[in-house]
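Some notes on the structure that comes next.
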Amino acid sequence: MLEFSSSVPDFRRTTKGNIRHKLGDILTLMILARLCGQTSRADIIEFGRFNLKRLRKMGILDNGVPSEPTFCRIEKGIDSSLMAEAQRKFSDSFRSELTVKGEPDIICMDGKALCGTVQENGRNPDIVSAFSSDAGITLATEPCQEKSNEIKAMPILIGKLDIAGHVVTADAMAMQKDIVDAIRKKDANFMIELKANQKALMYGVEDRLGSAVPLQTFTDGPELDHGRIETRTYTVYDGLGLVADRSKWGEGLTVIVFESETIRKSTGERTTEKRLYISSLAPDAPYLGYIIRKHWSIESMHWQLDRNFLQDSIKRKHTQAARNLDTIQRIVHAVFSIWRGRRRKLADKAKGIAELKRYISFGFTRLMRFLGQK
12 MLEFSSSVPD FRRTTKGNIR HKLGDILTLM ILARLCGQTS RADIIEFGRF NLKRLRKMGI
72 LDNGVPSEPT FCRIEKGIDS SLMAEAQRKF SDSFRSELTV KGEPDIICMD GKALCGTVQE
132 NGRNPDIVSA FSSDAGITLA TEPCQEKSNE IKAMPILIGK LDIAGHVVTA DAMAMQKDIV
192 DAIRKKDANF MIELKANQKA LMYGVEDRLG SAVPLQTFTD GPELDHGRIE TRTYTVYDGL
252 GLVADRSKWG EGLTVIVFES ETIRKSTGER TTEKRLYISS LAPDAPYLGY IIRKHWSIES
312 MHWQLDRNFL QDSIKRKHTQ AARNLDTIQR IVHAVFSIWR GRRRKLADKA KGIAELKRYI
372 SFGFTRLMRF LGQK
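Structure below.
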């Protein structure tokens, strides 16, 4: 964590002027305070003042705690792309440790709007992220430009990642030729939902499904969770006879029909859902169903950012400050995931972020013990 903080380039003119606080010290304070549940600048400053003697023993904040205007200038001034690159290197240093060697990692890609910031065009800035479902950490992020969207940001994000031999999952927006080609060029496989944003492909597949013979069918459940009884059925087809424009989408495709039936236990209300997926993986219904379910881990991570780190509630006037805040929060989320990934006890692995935050917020000693565990 200290290496991450010190690796972010300082945008200030350090050779002249009155630079009282090192950039790395300020970033370290921001991370430590957020680990203990402090979110606002005032709370972070109070955390620093209360633990100043202990922080100085760590070799940081020799000149005291920065003021709130200093925090504001730092968040707005740091080059957000350079800070995101430092976060990518931080995640790479733990990725191999937290994933199973020799097994493909499932890398989930999706965008998230930063609702606490509004751009000049009235829209919230979007951040597209790649999340390792096995490691539980964000591997890299890429912002959508002000007049652009996720479709253009995803190929750039894919270019930053080492995904050879792994599986990339994404929602229907990623069903674009440029994105599929970028994944194939990296020698990776993909699982992408198919919707009406690709009308010719979707309607063509639906028309041919009626006469197609499935290769495999797998039923998962019934499973009781969150007060709902859910049964999921995965039907796998060879894409050779279903995907007409193979010159565009490539060969060796598999089509998966996902159907779920959910019964709400309290009321008995029954709902059904049906989705289509396109994949470059070989037909294996249980494994393909497992990958489809794993994609929701990135939605869980986004919920954690909002629920436990209050991302959507924190207001930032500048887009760059909002993205830098997002990077810090993903580092904090990664620290909790790394701790759980290193634990051998199942009870430790099952602990939630809110529970861990409560535990370490009771004292600085607990925080240091938490960070020092291997």
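Going by this note's numbering, the residue at position 322 of the sequence shown is 333; the numbering climbs one at a time, nothing skipped.
We put the CB at the ideal spot given by N, CA and C, even for glycine.
Predicted model only: the values in this text are computed from it and were never measured.
Please report how far the alpha carbon of H313 lies from the alpha carbon of L168, in whole angstroms. Against the sequence shown, residue 313 aligns to sequence position 302. Against the sequence shown, residue 168 aligns to sequence position 157. Cα to Cα, H313 sits roughly 18 angstroms from L168.
Test: M312 CB closer than 9 angstroms to a CB of chain C: The structure shown contains no chain C, having only a single protein chain.
Nearest-angstrom Cα separation, counted from T330 out to P294: By one-based count along the sequence shown, residue 294 stands at place 283. By one-based count along the sequence shown, residue 330 stands at place 319. Roughly 43 angstroms separates the two Cα atoms.
Quick one: grab the DSSP three-state call for V266. Residue mapping note: residue 266 aligns to position 255 of the sequence shown, counting from 1. Strand.
Threshold first: 3 residues or longer. Then list the beta strand (DSSP E) segments lying entirely within the region 246 to 325, N to C. The region 246 to 325 contains these whole beta strand (DSSP E) runs: 265 to 275, 281 to 290.
Helix or strand or just coil, what does DSSP make of A358? Position 347 of the sequence shown, counted from the first residue, corresponds to residue 358. A358 falls in the helix class under three-state DSSP.
Does the distance from the CB of F142 to the CB of I174 come in under 9 angstroms? Within the sequence shown, residue 142 is the residue found at index 131, counting from 1. Within the sequence shown, residue 174 is the residue found at index 163, counting from 1. No, they are not a contact pair.
Could you check what DSSP says for L125 in three-state terms: helix, strand or coil? Here residue 125 is taken as the residue at index 114 of the sequence shown, counted from 1. L125: coil per DSSP, three-state reduction.
T246 vs P233 beta-carbon contact at 9 angstroms: For the purposes of this step, residue 246 is taken as the residue at position 235 of the sequence shown. For the purposes of this step, residue 233 is taken as the residue at position 222 of the sequence shown. The answer is no: Cβ separation not under 9 angstroms.
Which value, in whole angstroms, describes the spacing of the CA atoms of M202 and Y288? Position 191 of the sequence shown, counting from 1, holds the residue named residue 202. Position 277 of the sequence shown, counting from 1, holds the residue named residue 288. Roughly 7 angstroms separates the two Cα atoms.
How big is the Cα-Cα spacing for T230 and A296? By 1-based counting over the sequence shown, the position of residue 230 is 219. By 1-based counting over the sequence shown, the position of residue 296 is 285. Their backbone Cα atoms lie some 9 angstroms apart in a straight line.
Just grab the DSSP bridge partners of L235 for me. The residue labelled residue 235 in the question sits at position 224 within the sequence shown. I240.
Alpha carbons only, please: which of D323, G170, D218, L46 is nearest the one belonging to L150? Position 139 of the sequence shown, counted from the start, is the residue given in the question as residue 150. For the residues D323, G170, D218, L46, the minimum Cα distance to L150 belongs to G170.
If contact is defined by three or more beta carbon pairs under 8 angstroms, each pair taking one atom from either stretch, is the region 249 to 261 in contact with the region 211 to 226? Yes: the two stretches touch, three or more of their Cβ pairs being nearer than 8 angstroms.
Helix, strand or coil for D192? Go by DSSP, reduced to three states. Within the sequence shown, the letter at position 181 stands for residue 192. Residue state, collapsed to three classes: helix.
Residue nearest to F82 in terms of C-alpha spacing, selected from L46, L34, C155, D182: Along the sequence shown, read from residue 1 onward, the residue named residue 82 stands at position 71. Residue nearest to F82 within the set L46, L34, C155, D182 is L34 (criterion: CA-CA distance).
Closest Cα partner of A146 within the set I138, I339, D116: Stepping through the sequence shown from its first residue, residue 146 is reached at position 135. Taking only the C-alpha atoms, the option nearest A146 is D116.
Give me the Cα-Cα distance between I364 and G374, rounded to the nearest whole angstrom. In the sequence shown, the residue the question calls residue 364 occupies position 353. In the sequence shown, the residue the question calls residue 374 occupies position 363. About 17 angstroms.
State the beta-bridge partners of D137 as determined by DSSP. Along the sequence shown, read from residue 1 onward, the residue named residue 137 stands at position 126. As computed with DSSP, D137 is found in a beta bridge with A124.
From A255 to I194, what does the alpha carbon distance come to, in whole angstroms? The residue given as residue 255 occupies position 244 in the sequence shown. The residue given as residue 194 occupies position 183 in the sequence shown. Their Cα atoms are separated by approximately 21 angstroms.
For S143, write down the residues that DSSP places opposite it in a beta bridge. As a position in the sequence shown, residue 143 is number 132, starting the count at 1. DSSP links S143 through a beta bridge to I118, I148.
Within this structure, are the beta carbons of M69 and V19 separated by less than 9 angstroms? Translated into positions along the sequence shown, residue 69 becomes position 58. Translated into positions along the sequence shown, residue 19 becomes position 8. For M69 and V19, no; Cβs fall outside 9 angstroms.
Where the beta strand (DSSP E) through E108 begins and ends: The residue you call residue 108 lines up with position 97 of the sequence shown. Run containing E108: none in the beta strand (DSSP E); it sits in the alpha helix (DSSP H), 91 to 109.
Which residue marks the beginning of the alpha helix (DSSP H) containing T26, and which one marks its end? Residue mapping note: residue 26 aligns to position 15 of the sequence shown, counting from 1. Run containing T26: none; DSSP gives neither H nor E here.
Any contact of the region 102 to 115 with the region 126 to 138, i.e. 3+ C-beta pairs under 8 angstroms? Judged by Cβ distances under 8 angstroms, the region 102 to 115 makes no contact with the region 126 to 138, as fewer than three pairs qualify.
For C47, which residues in the same chain have their Cβ closer than 8 angstroms to its Cβ, ignoring the five residues on either side in sequence? As a first step, residue 47 is located in the sequence shown; it is residue number 36 there, counting from the start. Closer than 8 angstroms at Cβ, skipping near neighbours: F58, K368, I371, S372, L378.
Have a look at S277 and K385 and give me their C-alpha separation to the nearest angstrom. Reading the sequence shown from its first residue, position 266 is the one you call residue 277. Reading the sequence shown from its first residue, position 374 is the one you call residue 385. When rounded, the distance between both Cα atoms is 43 angstroms.
Using DSSP bridges, identify the partner residues of I203. Position 192 of the sequence shown, counting from 1, holds the residue named residue 203. According to DSSP, I203 bridges with A181, I289.
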